[in-house]
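Participant: Numbering-wise, this note's numbering puts 85 at position 73 of the sequence shown, and it's gapless, one number per residue. Backbone N, C-alpha and C fix where the C-beta goes; we use that ideal spot for every residue, glycine too. If you scroll down you'll find the structure; I have some questions about it.
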Amino acid sequence: MNSVLIVKLCAGPLVIALASLAGKRWGPTFAGLIGGLPLIASCVMVTLWLAYGQDYTMATAFSAPSGLWANALYMIALGWSARRFGWAGMLACGWAVYLVSAWALAASGLAQQDWVRWGAIPALWGALYLLPAIDGAPIPRPLPHSELFARMAVALALVATLTTLSQQLGTSLTGVLSGGPVAATVIPAFTRARGDSNGVVYQVRGFLIGLIGFGLSFLLLVPLAGHIGAWAALPAALVAAGTSLALNWFSRRRSRT
Numbered sequence: 013m014n015s016v017l018i019v020k021l022c023a024g025p026l027v028i029a030l031a032s033l034a035g036k037r038w039g040p041t042f043a044g045l046i047g048g049l050p051l052i053a054s055c056v057m058v059t060l061w062l063a064y065g066q067d068y069t070m071a072t073a074f075s076a077p078s079g080l081w082a083n084a085l086y087m088i089a090l091g092w093s094a095r096r097f098g099w100a101g102m103l104a105c106g107w108a109v110y111l112v113s114a115w116a117l118a119a120s121g122l123a124q125q126d127w128v129r130w131g132a133i134p135a136l137w138g139a140l141y142l143l144p145a146i147d148g149a150p151i152p153r154p155l156p157h158s159e160l161f162a163r164m165a166v167a168l169a170l171v172a173t174l175t176t177l178s179q180q181l182g183t184s185l186t187g188v189l190s191g192g193p194v195a196a197t198v199i200p201a202f203t204r205a206r207g208d209s210n211g212v213v214y215q216v217r218g219f220l221i222g223l224i225g226f227g228l229s230f231l232l233l234v235p236l237a238g239h240i241g242a243w244a245a246l247p248a249a250l251v252a253a254g255t256s257l258a259l260n261w262f263s264r265r266r267s268r269t
């Protein structure tokens, strides 16, 4: 269980630190892109694998792509509510939409349907076109050490809560929630608290692109794990990173055109 504790303590904070520093260096869209990759979800799966074994983890991972429907709705709600509310109201709207839709997916059994799992990929791309229009550039601001550590602490709390409650939630709901918007809660909240609603929309666009790579990686992970075990995480991660970077390049080129 020491390994489980180490993963819990390190996973979320390190991902948030990486995404935050990327945003400081390359802008909010890239921060969202890093945050949308399945880094936290993969760490959640590693924690479950160490704690409960391969069969339990794969049963959980099977439902993970379906949960991206809830993520798509969360991102749309976050983008629009950032125009009307402060950071607390924005998160309240986003999480209300996310939790209701995630519960509905798990409770109805839709999370286990292949058409729902594969349909999450076009749903994420479609969500990009349902975001509010951006009416200005993001506001460049410094990233104090105190804010970075606060972001990491919130991420730690969210990851620890999900992995601790896993057995009470069941494999289907845990799988749906495994890609929960941890980074997409922490990073936009601090951005909106500075008064930068455009920055939130830029970040949400990045999250949606990163989540497409997330979905493809988990669709690949489950069948591969039956053949090569934990090594399946390597090609799945490469697919996630490659897909997300390619889509980000395509999106940026298209916007410039």
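Residues in its own chain within less than 8 Å of Arg124 by CB, not counting five upstream and five downstream?
Facilitator: The amino acid at residue 124 is misidentified as Arg; the sequence shows Gln. Once the five neighbours on either side are set aside, the close Cβ partners of Gln124 are Phe74, Ser75, Ser78 and Ser184.
Participant: Drop a sphere of 10 angstroms on the beta-carbon of Thr197, count the other beta-carbons inside from all chains shown, and report buried for 16 or more, exposed for fewer.
Facilitator: It counts as buried.
Participant: Straight-line CA distance for Leu30 to Val128?
Facilitator: When rounded, the distance between both Cα atoms is 31 Å.
Participant: Could you check where the alpha helix (DSSP H) with Phe74 kicks off and where it finishes?
Facilitator: First-last of the alpha helix (DSSP H) with Phe74: Gln66 to Phe74.
Participant: List the whole-angstrom C-beta distance separating Ser113 from Ala82, where the pair is believed to meet the contact cut-off of C-beta under 8 Å.
Facilitator: That belief holds up - the Cβ atoms of Ser113 and Ala82 are roughly 4 Å apart, short of 8 Å.
Participant: Can you tell me the Cα-Cα spacing of Trp137 and Leu143, whole angstroms?
Facilitator: Rounded to whole angstroms, Trp137 to Leu143 spans 11 Å at the Cα level.
Participant: Taking 8 Å as the threshold, find out whether the region 101 to 109 comes into contact with the region 156 to 175 through three or more Cβ pairs.
Facilitator: In short, these stretches do not touch, since the Cβ pair count stays below three.
Participant: Comparing C-alpha positions only, which one of Thr255, Met164 and Val212 sits nearest to Leu26?
Facilitator: Looking at the Cα atoms, Met164 is the closest of the given residues.
Participant: Mapping DSSP to helix, strand and coil, what is Ile199?
Facilitator: DSSP places Ile199 in helix when its eight states are reduced to three.
Participant: On the criterion of 16 or more Cβ atoms from any shown chain inside 10 Å, does Asp4 qualify as buried, or is it exposed?
Facilitator: With the chain running from 13 to 269 in the structure shown, residue 4 is simply not present.
Participant: Could you spell out the range, first to last residue, of the alpha helix (DSSP H) harbouring Gly79?
Facilitator: No alpha helix (DSSP H) contains Gly79, which DSSP labels as neither H nor E.
Participant: If we count Cβ pairs, one from each stretch, closer than 8 Å, do we get three or more for the region 201 to 213 versus the region 225 to 236?
Facilitator: At 8 Å Cβ cutoff, the stretches do not touch.
Participant: Count the other CB atoms, across all protein chains shown, that sit within 10 Å of the CB of Trp61; report buried if there are 16 or more and exposed otherwise.
Facilitator: Trp61 comes out buried.
Participant: Once you ignore the five residues that flank Leu85 on each side, which residues in its own chain have a CB closer than 6 Å to its CB?
Facilitator: Within the same chain, Leu85 has close Cβ partners Val109 and Ser113.
Participant: Which same chain residues, not among the five before or five after Leu220, have their C-beta less than 6 Å away from its C-beta?
Facilitator: Excluding residues within five positions, the ones whose Cβ falls inside 6 Å are Met87, Leu136, Ala139 and Leu140.
Participant: Are Met70 and Ser190 touching if we call contact CB-CB under 8 Å?
Facilitator: Contact flag unset, no.
Participant: State the DSSP-derived secondary structure class of Pro247, mapped to helix, strand or coil.
Facilitator: The answer is helix: DSSP assigns Pro247 an H, G or I state.
Participant: Going by the CB atoms, is the gap between Trp99 and Ala248 shorter than 8 Å?
Facilitator: No; because the gap between Cβ atoms is not below 8 Å, this pair is not in contact.
Participant: Assuming Gly91 and Val234 are in contact, meaning their beta carbons sit under 8 Å apart, how far apart are those beta carbons, in whole angstroms?
Facilitator: With 8 Å as the limit, Gly91 and Val234 do not qualify as a contact, their Cβ atoms being about 30 Å apart.
Participant: Mind reading off the beta-carbon distance from Ile199 to Gly65? Whole number of angstroms is fine, and I expect it under 8 Å.
Facilitator: Not confirmed; about 33 Å, so no contact.
Participant: Between the alpha carbons of Ala145 and Leu231, how many angstroms are there, rounded?
Facilitator: C-alpha separation (whole angstroms): 31 Å.
Participant: Can you find a heavy atom of the ligand ZN that lies under 7 Å from the Cβ of Val27?
Facilitator: Only the bare structure without any ligand can be found here, which leaves the ligand ZN out of the picture.
Participant: Which residues bound the alpha helix (DSSP H) around Tyr110?
Facilitator: Element bounds for Tyr110: Trp99 to Ser120.
Participant: What is the C-beta distance between Ile28 and Ala169, in whole angstroms, given that I count them as a contact (C-beta under 8 Å)?
Facilitator: In fact, because the Cβ distance is near 11 Å, the residues do not count as touching under 8 Å.
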